[in-house]
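Under our numbering, think of the first position of the sequence shown as 30, with each following residue one higher. C-beta: ideal position from N, C-alpha, C; glycine also.
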Amino acid sequence: MHKQRWGATHGVASHRSLMKRVVYIAVTMCAAASALAQNPDSTAARRGEDSARAVSLPSVIVQAQSIATQSSTAAHSTTILARAAIDAAQARDASDVVALAPGAFIRQYGGQGGLRTVSLRGTSAQQTVVLLDGVRYQSSAVGSVDLGSIPSSILKRVEVVRGGDAARFGANALGGAVNLITGSDAANGDVVSMRADAGSFGEIGASASAATRYDRGSIDASISLTSSNGSFPFSYREYGETSIVRRRNADASRFFARASWEHNVDTSHRLGVTLLGFESDRGVPGAIVQGQHEQLNARMSERELFAIARSSWSVSSWQMLVALTGRVNDLTYRDPDDRSLRAEGTDSRYVRNESALFVRTIYPITERGIFEASAELSYADLEGDNLDPSAGGTVERLQGGVTTATSWIFSNASNGNSVAFDAALRIDAYSTITTALSPSLGVSFQPLGGPLRLRARGTMNYRVPSFTEQYYLNYGNTALRPERSYSVDAGATFLVDEALVLEASGFLIDTRDQIVAVPQSPLVWSARNVARTLSRGIELGVSGTMFDGMLATNLSYTRMHAEDRTGDSFGKLLIYTPEEFATALVEFRYDVFALGATWQHVSHRHTLTSNAADAALPHYETLNAHMSARATIAGINCTARIEGFNLFDAEYQVIRNYPMPGRSLRLGVEAAYALR
Numbered sequence: 030m031h032k033q034r035w036g037a038t039h040g041v042a043s044h045r046s047l048m049k050r051v052v053y054i055a056v057t058m059c060a061a062a063s064a065l066a067q068n069p070d071s072t073a074a075r076r077g078e079d080s081a082r083a084v085s086l087p088s089v090i091v092q093a094q095s096i097a098t099q100s101s102t103a104a105h106s107t108t109i110l111a112r113a114a115i116d117a118a119q120a121r122d123a124s125d126v127v128a129l130a131p132g133a134f135i136r137q138y139g140g141q142g143g144l145r146t147v148s149l150r151g152t153s154a155q156q157t158v159v160l161l162d163g164v165r166y167q168s169s170a171v172g173s174v175d176l177g178s179i180p181s182s183i184l185k186r187v188e189v190v191r192g193g194d195a196a197r198f199g200a201n202a203l204g205g206a207v208n209l210i211t212g213s214d215a216a217n218g219d220v221v222s223m224r225a226d227a228g229s230f231g232e233i234g235a236s237a238s239a240a241t242r243y244d245r246g247s248i249d250a251s252i253s254l255t256s257s258n259g260s261f262p263f264s265y266r267e268y269g270e271t272s273i274v275r276r277r278n279a280d281a282s283r284f285f286a287r288a289s290w291e292h293n294v295d296t297s298h299r300l301g302v303t304l305l306g307f308e309s310d311r312g313v314p315g316a317i318v319q320g321q322h323e324q325l326n327a328r329m330s331e332r333e334l335f336a337i338a339r340s341s342w343s344v345s346s347w348q349m350l351v352a353l354t355g356r357v358n359d360l361t362y363r364d365p366d367d368r369s370l371r372a373e374g375t376d377s378r379y380v381r382n383e384s385a386l387f388v389r390t391i392y393p394i395t396e397r398g399i400f401e402a403s404a405e406l407s408y409a410d411l412e413g414d415n416l417d418p419s420a421g422g423t424v425e426r427l428q429g430g431v432t433t434a435t436s437w438i439f440s441n442a443s444n445g446n447s448v449a450f451d452a453a454l455r456i457d458a459y460s461t462i463t464t465a466l467s468p469s470l471g472v473s474f475q476p477l478g479g480p481l482r483l484r485a486r487g488t489m490n491y492r493v494p495s496f497t498e499q500y501y502l503n504y505g506n507t508a509l510r511p512e513r514s515y516s517v518d519a520g521a522t523f524l525v526d527e528a529l530v531l532e533a534s535g536f537l538i539d540t541r542d543q544i545v546a547v548p549q550s551p552l553v554w555s556a557r558n559v560a561r562t563l564s565r566g567i568e569l570g571v572s573g574t575m576f577d578g579m580l581a582t583n584l585s586y587t588r589m590h591a592e593d594r595t596g597d598s599f600g601k602l603l604i605y606t607p608e609e610f611a612t613a614l615v616e617f618r619y620d621v622f623a624l625g626a627t628w629q630h631v632s633h634r635h636t637l638t639s640n641a642a643d644a645a646l647p648h649y650e651t652l653n654a655h656m657s658a659r660a661t662i663a664g665i666n667c668t669a670r671i672e673g674f675n676l677f678d679a680e681y682q683v684i685r686n687y688p689m690p691g692r693s694l695r696l697g698v699e700a701a702y703a704l705r
């Protein structure tokens, strides 16, 4: 299926040459002036990283959306990607944005309609927490989040906090947390915008948004519609013969809507409500094995409504936040050709309900310290066809958690040295799982008040099994224990001329009792706590602009070793986990024109636990590019854009037997009008 230009051996040998290229690019960027990932609300965000000198707790807690500017993240490795970076990356969905952060690798199951999940620092998708506007987007009972289902058009900013910290983010935060901040900017008054796209493989997209601001608040809403037939060509090689075939049953369509209301009751009290909903229908093509397309008639349709209601108070120096979330999800999967359980084929429906209550209070202790206490109560249930008969068709989970945390900052006025400490302890209790305790301790040091900041953090984290791992028919195991991990993270950031950000991080994540699928018979597998994994590595990042903002760039590089520490697989690399990956984003802006490109490199990946070289996927590189022009016509700001993806037509797979699209083109136009 691949063009065998590079095998696994070549992928390993190419590490030195790639490292030289990365270092060269980093050096040439050292004249840059400011971070591409800009956040108008925060100096830290403008730098692309959080800063020990940029702690703004009152605004953060009142807004109740950001996780990256809190003092508790001063010792975290943090990347902030604002709207400018989202546009420059030609992002279709949230996965394209998250991929820009060091340590973040996106696992993609085929084309545009395929599942896309994030792996942070070699951990699994289930070991990363995804937040939306600062609150948990999926409960621990679900596990991973399909980032491909969230259109980039609704994103205002993305924050990636790398490094485990269950004490701060709750269950499943072994690799870190991703916070998707949504909305339109109504700060400048009433704004209406529309966008339309058309591209290769039948891709069609349309989106519209409107925002208005009144005396005490704002209202904004957006809709997005995307569709693609997913029928892209790829080459298949078998018995020495290469043929060109097309991907089948890979079509996908999705309608997404969002609405938000923010209201300031007075100067100290704010209310907010956010609603998100989507409806999707897509083919679910299987792997392509020996030239045969599997699951040619499998279909999945899904509908969901997710709501957030929040209220925050600020009285003197004391602050409090109360947030309530709810979700209803209805998923149907049909495959008339799958008769493993029923003669008429598979026709399964799953209905999931979730709700959560979150309360946080923060109180300063003198001018140097802050005390924080929070509590969380959540409920989830799932009704479905293919659950274990002992579950009676419905399963449920109740969770309660309490966190206490404190942060202290000490500065020496004579020499400018600054030291910040933070500590947190969380305890969680579950109705069907054992209790979990999660401590966290971090420190950061800023010598002489200068541009260098050193940081370190140590944590103990856990992940609870999902409903699938506990109750799915012929697979689930109700006796599963939570996964446990120990995480250590250290690094430094350096700010050049209050603009350019250089970052280096090192990490180690040791996970015990990892849940894996174990064969019980030739036809039956079961989830078991048997594995231990160890992931360690380094991350480098550079971001900035130069020539008065005409040239913007963002570079990330990750080198890691994620290995199995269990039985016969001891010392073997984890499957589908690259040892090395890098991205480089560059955009040139002049007057009304913009020209940019995004390059990505991913090293070889093993597909078998034995790490057999002949079964490894070769390394690949892709290059995307875009060009746009702006004009104002009758007071309407118009933008025309042309985008190319995978320009060198690289043939590659992220997951074995799930080919990715080759070269493609997309054209788009956008119009925005300020009503006042």
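query	result
Where Thr497 falls: helix, strand or coil (DSSP)	helix
Arg191: first and last residue of the uninterrupted beta strand (DSSP E) it sits in	184-191
Buried versus exposed call for Gly234 [16 or more other C-beta atoms within 10 Å across all chains shown]	buried
Cβ separation of Arg541 and Arg557, assumed to be a contact under 8 angstroms, to the nearest whole Å	Contact flag wrong, Cβ pair sits at about 13 angstroms.
Coil, strand or helix - Leu676 by DSSP	coil
Option nearest Asp643 by Cα separation, candidates His105, Arg224, Arg634	Arg634
Sequence-distant residues of the same chain with beta carbon closer than 6 angstroms to Cys667, five excluded per side	Ala660, Ala700
Phe474 and Leu483 closer than 7 angstroms at C-beta	yes
Separation of Asn278 from Pro365, as counted between CA atoms	14 angstroms
Thr606 burial status per 10 Å Cβ neighbour count (16 or more: buried)	buried
Local Cβ density within 10 Å of Ala141, reported as buried at 16 or more and exposed below that	Residue identity check: residue 141 is Gln in the sequence provided, not Ala. By the 10 Å Cβ count, Gln141 comes out buried.
From Val553, Val547, Glu568, Gly566, residue whose alpha carbon lies closest to that of Val559	Val547
Proximity to Gly204 [Cα-Cα], best of Thr241, Arg426, Ser516, Gly421	Ser516
Between the CA atoms of Tyr501 and Asp367 - distance to the nearest angstrom	17 angstroms
Integer-rounded CB distance, given that Pro688 should sit under 8 angstroms from Asn675	The pair is not a contact, with the Cβ atoms about 12 angstroms apart (cut-off 8 angstroms).
Exposed unless 16 or more other CB atoms sit within 10 angstroms - verdict on Val158	buried
Outcome for Gln549 when other beta-carbon atoms lying within 10 angstroms are tallied against a minimum of 16	exposed
Own chain residues within Cβ distance below 7 angstroms of Leu563, not counting five before or after	Asp539, Glu592, Arg594
Nonlocal neighbours in the same chain, by C-beta distance under 7 angstroms from Asn686, ignoring five residues either side	Ala316, Ile317, Val318
Extent of the continuous beta strand (DSSP E) to which Phe284 belongs	281-295
Per DSSP, cross-strand counterpart(s) of Glu396	According to DSSP, Glu396 bridges with nothing at all.
For Met58, three-class secondary structure by DSSP	Note that Met58 has pLDDT 32, beneath the 50 cutoff, so the model's placement of it is unreliable and the number below is only indicative. The answer is coil: DSSP assigns Met58 none of H, G, I, E or B.
Boundaries of the alpha helix (DSSP H) in which Phe536 is found, first to last residue	Taken as a continuous stretch (DSSP letters only), Phe536 belongs to no alpha helix (DSSP H), being part of the beta strand (DSSP E) at 529-548.
Spatial distance of Gly421 from Gly413 (CA atoms)	10 angstroms
Cα-Cα separation, Asp280 to Tyr362	15 angstroms
Simplified DSSP state of Leu646, which is helix, strand or coil	strand
Which of helix, strand or coil DSSP assigns to Gln119	coil
Asn201 - partner residues in DSSP beta bridges	In the DSSP output, where bridge partners are listed per residue, Asn201 has none listed.
Run of the beta strand (DSSP E) containing Leu470, from where it starts to where it stops	465-475
Where Pro418 falls, given that 16 or more other Cβ within 10 Å makes a residue buried	exposed
Cross-strand partners of Asn653 (DSSP beta bridge)	Thr627
Spatial distance of Leu149 from Ser229 (CA atoms)	31 angstroms
Alpha-carbon to alpha-carbon, Gly625 and His655	5 angstroms
Through-space distance from Gln543 to Asn201, alpha-carbon basis	12 angstroms
Best match in Val187, Phe576, Gln682, Ser403 for proximity to Ala645 [C-alpha to C-alpha]	Gln682
Local conformation of Asp710 per DSSP, three classes	This structure cannot speak to residue 710, because the chain is shown only from 30 to 705.
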